[in-house]
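**Q**
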Amino acid sequence: MNQSKQGINFTFEVFLLAANLRLAIIGIPPIVSKVQAFFHLTTVQTGALTTIPLLCFGFLSVLTAPVIRRLGTKRTIEFALLMLAIANLLRTYVSWGMFAGTIFVGAGITMLNVSLPALIVERQPQDAGRLNGVYTASINIISAIIGGIAVPVANALGWQFTVQLFSIPAIIAFLTTLLLPNKQPRQKSTSSTHQTSEPQTPIWKRGHVWMLALFMGLQSMIFYTIVAWLPSILTAHDLSATTAGWLFSIFQIIGAPFAYLVPRATTKISNLQILMVTLLAGYLIGTGILIYFSATWLLVLACLILGITTASVFTFSLTMITTISQTPQEAGSVGGIVQSIGYLIASVGPTIFGVIRTTFGNWPETLIVMIVISVVNILVGFILIRTIAQKNFL
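Following this note's numbering, the numbering of the sequence shown begins with 444 at its first residue and continues without gaps.
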């Protein structure tokens, strides 16, 4: 009973930590016009508020593993949460504070991105798949909520108050993390199902790690491009800005239950192959609807399908980080490499697709390029599955 209670408590802790992974980023775009007007920012400066965190993810993720080795996973997470709480307060007073705070937000979330999978491997490696599902579900739920309430709260209480509210989940998560017992890192099970034929090979020389990094990068590029441009695509189909906003929230939240279910499909190679085929179908159908149809109910369907697909692909990526990692330290190192490469690829996505949109003058041609990238993403997934199966991680 006590073990069951500890499992429930740790699941809640993972949910709280993951709630901070997009909140301070997703919460800005809905109120960015108010921020821009208050600080008299140019369009380029305004765009940087979204780009800066992605660049932090790309350049700083690989540096988090040494911090984890020095401080330990728990203390690294505590430090990151404090940084987040302070950074959100800093963003509301002067323009330099907004940009400095955004850099610290990016750095704090980067540390959490890498540390949370390491914490899962350290505390409950046998339950990593389910906890990765909780991780992604929390991100989707919180993103959808903040997407829906940011504007009403900003209209009622001011955008500064809205941004300061982002500190509350970080403070709560910090306090609950303090309650976690200090724990020595432990090895994952050394059963034959998780033995690798190259245990002494440096992580940066392992081909499957780079393959996972490429997979993470392509799926992140697709996701952040959709986040950046979905409202514009929907309004181009003659939907109102309000309706487009609600569909954007649906896109965010619908993936939560599916993200929780995906890890159950990651124990057998045959299940993973079926998953890849399903995800490819989701990309093709969802994007295809956005290209060829304008009926509102079909656009709702497209948002549902793409929300489920992107959440499932992201959960698969996280699950693979913990699957191929033998220890918490290794999970931190693998996560650092995978997320650095992944987010550097992702950071150029919204801009590239914006340039393509400007070049062609409409969305269909631009979305066809996204379909091509989606196909490449899934092909990389098939190769990744085969590679890790050959190394007996599955």
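Glycine residues also receive a C-beta, built at the ideal position from the N, C-alpha and C atoms.
Return the residue from the list T830, L498, N463, I831 that minimises the CA-CA distance to G660.
**A** The option with the nearest alpha carbon to G660 is L498.
**Q** First and last residue of the alpha helix (DSSP H) that includes A530?
**A** It spans 516-533 - the alpha helix (DSSP H) in which A530 sits, taken as one unbroken run.
**Q** With a CB to CB cut of under 6 angstroms and the five nearest residues on each side skipped, what residues in its chain are close to T545?
**A** Within the same chain, T545 has close Cβ partners L492, I495.
**Q** Compute the Euclidean distance between the alpha carbons of I732 and A745, then round it to the nearest angstrom.
**A** For I732 and A745, the distance between alpha carbons rounds to 6 angstroms.
**Q** DSSP three-state label for H680, please.
**A** H680: coil per DSSP, three-state reduction.
**Q** Could you check the C-alpha separation between S737 and P700 for me, to the nearest Å?
**A** Cα to Cα, the separation comes out at about 27 angstroms.
**Q** Please give the ranges of any alpha helix (DSSP H) in the segment 461-517, keeping only runs that are unbroken, at least 4 residues long and fully inside the region.
**A** If we require 4 residues or more, the alpha helix (DSSP H) runs fully inside the segment 461-517 come out as 466-469, 475-482, 486-514.
**Q** Along the chain, where does the alpha helix (DSSP H) that runs through P595 open and close?
**A** Where P595 is concerned, the enclosing alpha helix (DSSP H) stretches over 571-600.
**Q** Could you check which residue in T801, S683, S760, I780 has the C-alpha nearest to that of I831?
**A** I831 has its Cα closest to that of S760, out of T801, S683, S760, I780.
**Q** In whole angstroms, what separates the C-alpha of L525 from that of G824?
**A** Near 36 angstroms, if we compare the C-alpha coordinates of G824 and L525.
**Q** Under 8 angstroms Cβ to Cβ from L704, same chain only, skipping five residues before and after it: list those, please.
**A** For L704, where only same-chain residues beyond five positions count, the Cβ hits under 8 angstroms are G576.
**Q** Leaving out five residues on either side along the sequence, give the residues of the same chain with a beta carbon under 7 angstroms from the beta carbon of S692.
**A** Here the set comprises A587, G590, G591.
**Q** In whole angstroms, give me the CA-to-CA distance for T809 and F666.
**A** When rounded, the distance between both Cα atoms is 15 angstroms.
**Q** Could you have a look at V537 and say whether DSSP puts it in helix, strand or coil?
**A** Three-state DSSP puts V537 in coil, outside helix and strand.
**Q** Is it a yes or a no for the segment 712-731 touching the segment 815-829, going by three-plus beta-carbon pairs under 8 angstroms?
**A** Segments in contact, yes.
**Q** Spatial neighbours of I520 within its chain, please: CB distance less than 6 angstroms, with the 5 preceding and 5 following residues excluded, ordered by chain position.
**A** The residues are S558, T620.
**Q** Would you say I511 and A561 are within 8 angstroms of each other, going by their C-beta atoms?
**A** Going by C-beta atoms, I511 is nearer than 8 angstroms to A561.
**Q** Apart from the five residues just before and just after H680, which ones in its own chain have a Cβ nearer than 7 angstroms to its Cβ?
**A** Closer than 7 angstroms at the Cβ level, and outside the excluded window around H680, lie S737, L742.
**Q** Under 8 angstroms, do F500 and G549 count as touching if we go by C-beta distance?
**A** Yes; because the gap between Cβ atoms is below 8 angstroms, this pair is in contact.
**Q** Can you give me the C-alpha to C-alpha distance between E641 and Q772, rounded to a whole angstrom?
**A** Caution is warranted here: a pLDDT of 46 is assigned to E641, below 50, making its placement in the model unreliable, and no coordinate value can be reported.
**Q** Under 8 angstroms, do T668 and F458 count as touching if we go by C-beta distance?
**A** No.
**Q** Of all the options F502, G750, W672, L503, which has the alpha carbon lying nearest to the alpha carbon of T794?
**A** The shortest C-alpha separation from T794 is found at W672.
**Q** Measure the CB-CB distance between A754 and N583 and report whether it falls below 8 angstroms.
**A** Yes, these two residues count as a Cβ contact at 8 angstroms.
**Q** Classify N625 as helix, strand or coil using the three-state DSSP reduction.
**A** Reduced to three states, the DSSP call for N625 is coil.
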